[in-house]
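Numbering (the working numbering), first residue to last: 58 to 180.
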């Protein structure tokens with residue numbers, strides 16, 4: 058790599074061929090990617106949950122978010138009803154869009170599924 062140092066306005070500036078500049082940018086971006094991956098690995102080792110693409114994709118494609126998260130957690134309607142003090146039929150109605158549910162119920166559901174309320178509310 059060749060660089061020419063010039064002084065402009067009292068500042069030293071390095072000028073180098075565009076190919077060298079582009080190579081340095083690529084190296085810097087690769088180092089940023091490595092650092093981000095290392096940080097993500099550390100967060101995961103500390104217990105941060107990674108959400109599978111299949112779960113997000115199913116919600117984007119229209120599956121009810123409450124149902125998608127319940128299935129992801131391996132819970133039946135009956136189990137979720139027991140954990141939240143709700144009726145199974147009431148939860149079924151929420152999943153099928155036949156009922157809206159009160160905020161307190163949505164908080165209980167979110168707690169039972171270990172998600173935020175925003176992640177399970179219908180759009």
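Just so you know, even glycine gets a beta-carbon here, dropped at the ideal spot from N, CA and C.
Item, Value
"Since residue 233 contacts residue 125 with CB under 8 angstroms, what's their CB separation in whole angstroms?", "There is no way to answer for residue 233, as the model of the chain reaches only from 58 to 180."
"Determine the contact status of residue 165 and residue 141, defining contact as a CB-CB distance below 7 angstroms.", "yes"
"Leaving out five residues before and five after residue 80 in sequence, what residues of the same chain have Cβ atoms less than 6 angstroms from its Cβ?", "none"
"Determine the DSSP secondary structure at residue 172, reduced to helix, strand or coil.", "coil"
"Using beta-carbon positions only, say whether residue 194 and residue 151 come within less than 7 angstroms of one another.", "This structure cannot speak to residue 194, because the chain is shown only from 58 to 180."
"Using only the alpha-carbon positions, how far apart do residue 96 and residue 64 sit?", "39 angstroms"
"So, helix, strand or coil for residue 79, using DSSP?", "helix"
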